[in-house]
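Just so we're aligned, residue 156 is where the sequence shown starts under our numbering, counting upward by one.
We treat Cβ as the ideally placed atom computed from N, Cα and C, and that holds for glycine.
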Amino acid sequence: MDRSKDQSYFLHQLGQAQLSATKFPLGELLKRDVRQMALEAGLPTAAKKDSTGICFIGERDFREFLGRYLPARPGEMRTPDGRVIGEHPGVFYFTLGQREGLNIGGVRGFEPAPWYVVGKDVAHNVLYVDQGTDSPWLHSRMLWSEAAHWIDGAPPAQHFACTAQTRYRQADEACEVLVQDDGHLEVRFTRPQRAVTPGQSLVLYDGDVCLGGAVIAATDAPLEQRFRANAA
Numbered sequence: 156m157d158r159s160k161d162q163s164y165f166l167h168q169l170g171q172a173q174l175s176a177t178k179f180p181l182g183e184l185l186k187r188d189v190r191q192m193a194l195e196a197g198l199p200t201a202a203k204k205d206s207t208g209i210c211f212i213g214e215r216d217f218r219e220f221l222g223r224y225l226p227a228r229p230g231e232m233r234t235p236d237g238r239v240i241g242e243h244p245g246v247f248y249f250t251l252g253q254r255e256g257l258n259i260g261g262v263r264g265f266e267p268a269p270w271y272v273v274g275k276d277v278a279h280n281v282l283y284v285d286q287g288t289d290s291p292w293l294h295s296r297m298l299w300s301e302a303a304h305w306i307d308g309a310p311p312a313q314h315f316a317c318t319a320q321t322r323y324r325q326a327d328e329a330c331e332v333l334v335q336d337d338g339h340l341e342v343r344f345t346r347p348q349r350a351v352t353p354g355q356s357l358v359l360y361d362g363d364v365c366l367g368g369a370v371i372a373a374t375d376a377p378l379e380q381r382f383r384a385n386a387a
């Protein structure tokens with residue numbers, strides 16, 4: 156199996172009914188071998204570049220695509236301690252951990268180091284940024300999810316250890332999962348995780364077996380905790 160092309164992260168919402176009627180004819184092949192087979196068969200796609208980004212929108216600017224549905228609403232870019240260092244075109248254009256597209260030049264009083272998105276206060280339209288890919292503002296150790304979907308129809312236990320991914324192609328990370336009475340999950344990771352983002356999927360694994368997953372609702376990242384406290 157080509158682990159670099161594993162699609163289970165995106166397929167974790169399937170159940171036994173769908174999987175029993177599904178076949179993956181290329182599942183045991185490496186992509187380079189599939190390309191060689193296509194070349195030998197004279198297929199024009201044999202050397203086609205891998206698709207990246209959001210494949211269903213085609214080769215177009217991501218901001219232009221979103222702008223058709225979400226009106227631009229510029230706002231302030233601030234450091235976690237509240238200093239305004241620029242303006243953003245809309246918080247929905249950015250995701251946690253993002254570096255590209257911030258357009259922050261040299262800022263007086265700061266080192267000439269890259270800036271990263273470390274928080275999004277959507278209610279006040281503020282984008283928070285910090286320097287350094289390992290900024291402590293980007294890290295969390297716990298998350299809470301919406302109700303989980305289990306491929307076998309039920310969780311393996313109410314409290315169990317497994318591994319998890321919070322984004323596609325992430326290395327499996329050890330964690331403990333507590334299944335709450337309403338089906339929501341509380342997940343504690345063995346080590347801090349970078350840029351875990353509410354709204355994205357948490358997918359759980361037992362070795363090579365995908366158990367299921369859920370949409371991330373919240374984390375204990377420092378800025379997110381601050382936003383919740385201010386809203387209370």
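Taking DSSP as the reference, what is the three-state secondary structure of Gln253?
coil
State the beta-bridge partners of Tyr271 as determined by DSSP.
Asp285
As a quick exercise: from Met297, Trp292, Lys178 and Tyr323, pick the residue whose alpha carbon is nearest that of Asp236.
Trp292
Look at the Cβ atom of Leu257, then the Cβ atom of Ser300, and state whether they are nearer than 9 angstroms.
no
Which residues mark the beginning and the end of the alpha helix (DSSP H) in which Glu341 is found?
Run containing Glu341: none in the alpha helix (DSSP H); it sits in the beta strand (DSSP E), Leu340 to Arg349.
Are the CB atoms of Ala302 and His339 nearer to each other than 9 angstroms?
yes
Does DSSP classify Ala386 as helix, strand or coil?
helix
Could you pull out every residue in the same chain whose Cβ sits closer than 8 angstroms to the Cβ of Met297, ignoring the five residues on either side in sequence?
Glu341, Val342, Arg343, Phe344, Thr374 and Asp375
Taking the straight line between their C-alpha atoms, what separation do you get for Cys365 and Asp188?
25 angstroms
Secondary structure at His167, three-state DSSP: helix, strand or coil?
coil
Val281 to Arg381, Cα distance in whole Å?
Approximately 13 angstroms between the Cα atoms of the pair.
Is there contact between the region 268-281 and the region 311-323, where contact requires at least three CB pairs shorter than 8 angstroms?
no
Are there 16 or more other CB atoms within 10 angstroms of the CB of Phe249, so buried, or fewer, so exposed?
buried
Can you tell me which of Gly245, Ala384 and Asp363 puts its alpha carbon nearest to the alpha carbon of Tyr224?
Gly245
Expressed to the nearest angstrom, what Euclidean distance is found between the alpha-carbon atoms of Cys330 and Gly368?
13 angstroms
Going by the DSSP bridge assignment, what does Ser300 pair with across the sheet?
Ile371
Note the first and the last residue of the continuous beta strand (DSSP E) segment covering Val239.
Val239 to His243
Tell me which same chain residues have a C-beta within less than 6 angstroms of the C-beta of Ile259, skipping the five on either side of it?
Gly241 and Trp270
In the DSSP assignment, find the unbroken alpha helix (DSSP H) run with Leu194 in it and report its ends.
Lys186 to Glu195
Identify every residue that forms a DSSP beta bridge with Trp305.
Gly367
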